[in-house]
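Colleague: Numbering (this note's numbering), first residue to last: 4 to 333.
The C-beta atom is built at its ideal place from N, Cα and C for all residues, glycine as well.
Please find one structure pasted underneath; my questions will follow.
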Amino acid sequence: MRVLILLAALICGLPSFAFARCDLTVPTETVDLGEVRLAYQSVGRERDPALLLIMGLGGQLIHWPDEVVERLCESGFRVIRFDNRDVGLSAWTGAEPSVNLPYEVLRYRLGLPVSAPYGLRDMALDSLRLLDALHVEHAHVLGASMGGMIAQYLADIAPERVLSLTLVMTSSGAQGLPAPSPALLELLARREAPSRDVAIQQQADLLAALGSPDVADDRGQLLEQAARAYDRSFNPEGVQRQMLAILAEPSRVDLLNRLRVPTLVVHGTADPLLPVMHGVHVAAHIKGSELKLIPGLAHRFQEAFKEPLLSAVLPHLMAHRRAEGHVAQL
């Protein structure tokens with residue numbers, strides 16, 4: 004039977020194998036990890052090297068573009084994407100203190116300590132426990148924005164578990180780096196909405212502000228993306244707690260200086276939230292890291308930049324996939 008399947012694949016073309024292996028319709032599952040319940044999706048074969056995708060502030064697993072996930076899987080990876088605690092279909096069951104976000108943002112701007120119910124290190128431990136629950140001993144890790152900050156902690160906590168590290172549009176959290184505009188911070192903090200329609204309009208406004216000036220966004224598409232995310236989950240309090248976790252962060256420069264994981268840093272030259280010097284600074288503090296700047300890329304996975312992003316990321320992943328002795332199997 005295996006011979007017949009192999010012959011059929013050879014006649015029909017090898018992409019049929021990739022299609023069967025990289026089924027994006029696999030169900031979203033959940034795993035209980037104590038005070039956290041994480042929703043995740045595993046795309047690809049369990050025997051393939053794992054690639055853990057860690058999303059940014061307020062992002063859900065659906066914000067990893069399907070076509071990107073599919074390409075990564077077709078390249079021979081088992082792609083694991085998940086909702087961080089407090090967003091999407093994941094949950095944090097700890098005590099929920101009242102959050103005065105404007106007050107804490109003011110403290111942050113004044114250089115005063117910020118209070119947060121949990122930190123990015125806690126979220127890195129969530130990622131590690133998810134790998135444990137899935138019996139994944141080693142993984143390639145790719146984090147975007149806040150997810151890149153979480154990935155930094157993960158690589159520091161368990162460097163022996165991280166085959167390679169890819170940090171996209173992220174920061175070291177060091178003082179003195181260029182700050183986003185107050186208007187953009189206001190859009191990020193604007194999470195309360197009296198109705199579904201207002202919430203969707205607000206999210207579309209934020210997506211537009213995070214986009215590249217080189218790309219003309221279709222407002223209708225932005226509204227569709229916002230509606231899909233809203234209808235899957237709307238948890239503004241959770242996003243506020245995630246934001247506090249970022250604002251309460253100390254500089255991670257010392258952490259970056261001690262990392263010895265093969266690392267690629269990818270950043271856009273038009274990032275309005277974390278201007279390009281954030282990526283340059285991260286790469287400068289990780290020994291042996293590689294920096295790739297993408298002209299025009301802002302702080303979103305826009306269609307025009309999916310190929311440049313894949314072209315930057317895939318060679319790094321494939322080089323370290325081969326280095327670990329992983330060979331694609333039919």
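Give the straight-line distance between the Cα atoms of L250 and V285, rounded to the nearest whole angstrom.
Modeller: Going by the C-alpha atoms only, they are around 18 Å apart.
Colleague: Measuring CB to CB, does V82 end up less than 8 Å from L54?
Modeller: Yes, these two residues count as a Cβ contact at 8 Å.
Colleague: Considering only C-alpha positions, which residue in the set L258, V117, L180 and S184 is nearest to A161?
Modeller: Nearest C-alpha to A161: L258.
Colleague: Helix, strand or coil for H302? Go by DSSP, reduced to three states.
Modeller: Three-state result, H302: coil.
Colleague: In this structure, how does DSSP classify K295 when only helix, strand and coil are distinguished?
Modeller: Of the three classes helix, strand and coil, the one that applies to K295 here is strand, per DSSP.
Colleague: Are A301 and A273 touching if we call contact CB-CB under 8 Å?
Modeller: In contact: A301 and A273 (Cβ atoms closer than 8 Å).
Colleague: Since I believe L247 is in contact with A119 (beta carbons under 8 Å), could you give me their beta-carbon distance rounded to a whole number of angstroms?
Modeller: Sure, about 4 Å apart at Cβ, within 8 Å.
Colleague: Could you tell me whether the segment 94-107 touches the segment 237-246, where touching means 3 or more Cβ pairs closer than 8 Å?
Modeller: Touching, yes, given that three or more Cβ pairs across the two stretches are closer than 8 Å.
Colleague: Would you mind listing the beta strand (DSSP E) stretches within the segment 223-292 that are 3+ residues and don't spill past its ends, in chain order?
Modeller: Those beta strand (DSSP E) runs which fall completely within the segment 223-292 and span 3+ residues are 266-271.
Colleague: Per DSSP, which one or two residues make a beta bridge with W95?
Modeller: Looking at the DSSP assignment, W95 forms a beta bridge with V39.
Colleague: Please list the terminal residues of the continuous beta strand (DSSP E) segment that includes A177.
Modeller: Neither: A177 is in no beta strand (DSSP E) and is coded neither H nor E.
Colleague: Specify whether the segment 198-218 and the segment 161-174 touch according to this definition: at least 3 beta carbon pairs, one from each stretch, less than 8 Å apart.
Modeller: Result no; under three Cβ-Cβ pairs closer than 8 Å.
Colleague: Spell out whether any CB of chain B is found under 8 Å from the CB atom of P278.
Modeller: You won't find chain B in this structure, because it holds only one protein chain.
Colleague: Taking the Cβ atom as the reference point for each residue, do L190 and A207 lie within a distance shorter than 8 Å?
Modeller: Not in contact: L190 and A207 (Cβ atoms no closer than 8 Å).
Colleague: Please name the residue in V144, H66 and G179 whose C-alpha comes closest to that of L317.
Modeller: The option with the nearest alpha carbon to L317 is V144.
Colleague: If you drop the 5 nearest sequence neighbours on each side, which residues of the same chain put their C-beta closer than 6 Å to that of P265?
Modeller: Within the same chain, P265 has close Cβ partners S167 and H323.
Colleague: So which of R263, P275 and P311 has the shortest CA-CA distance to L180?
Modeller: The residue with the shortest Cα to Cα distance from L180 is P275.
Colleague: Specify, as a first and last residue, the run of the beta strand (DSSP E) that S167 falls within.
Modeller: Looking at the DSSP string, the run of the beta strand (DSSP E) that includes S167 is V165 to V171.
Colleague: Using DSSP with H/G/I as helix, E/B as strand and the rest coil, what is F308?
Modeller: Reduced to three states, the DSSP call for F308 is helix.
Colleague: Per DSSP, A212 forms a beta bridge with which residues?
Modeller: Bridge partners of A212: none, in fact.
Colleague: Helix, strand or coil: which one does DSSP assign to S314?
Modeller: Here S314 sits in helix by DSSP.
Colleague: State the DSSP-derived secondary structure class of A136, mapped to helix, strand or coil.
Modeller: It is helical.
Colleague: To the nearest angstrom, how far is the alpha carbon of I65 from that of A232?
Modeller: So the two alpha carbons sit approximately 8 Å from each other.
Colleague: Look at the alpha carbon of A12 and the alpha carbon of R24, and state the distance between them as a whole number of angstroms.
Modeller: Only weak support exists for where A12 lies, its pLDDT of 40 falling under 50; the value from the coordinates is given anyway. Taking the straight line from one Cα to the other gives about 13 Å.
Colleague: According to DSSP, is H66 helix, strand or coil?
Modeller: In the structure shown, H66 sits in a helix (DSSP, three-state: H, G or I).
Colleague: Tell me which residue opens and which closes the alpha helix (DSSP H) that L188 is part of.
Modeller: First-last of the alpha helix (DSSP H) with L188: P185 to A192.
Colleague: What do you get for G114, buried or exposed, if any count of 16 or more other CB atoms within 10 angstroms of its CB means buried?
Modeller: Answer is exposed; the Cβ neighbour count stays below 16.
Colleague: Identify the continuous alpha helix (DSSP H) that holds A53 and give its terminal residues.
Modeller: Run containing A53: none in the alpha helix (DSSP H); it sits in the beta strand (DSSP E), A53 to I57.
Colleague: Just to confirm my understanding: we take D159, look at its own chain, exclude 5 residues before and 5 after, and list those with CB closer than 6 Å. What are they?
Modeller: Hits under 6 Å: L258.
Colleague: Can you name, in chain order, every residue of its own chain whose Cβ lies under 7 Å from the Cβ of Q178, other than the five neighbours on each side?
Modeller: Around Q178: S254.
Colleague: From E338 to F85, what distance separates their C-alpha atoms?
Modeller: Limits of the chain in this structure are 4 at one end and 333 at the other, which puts residue 338 out of reach.
Colleague: Between the Cα of S215 and the Cα atoms of R88, A94, E73 and P298, which residue gives the shortest distance?
Modeller: Out of R88, A94, E73 and P298, P298 has the C-alpha closest to the C-alpha of S215.
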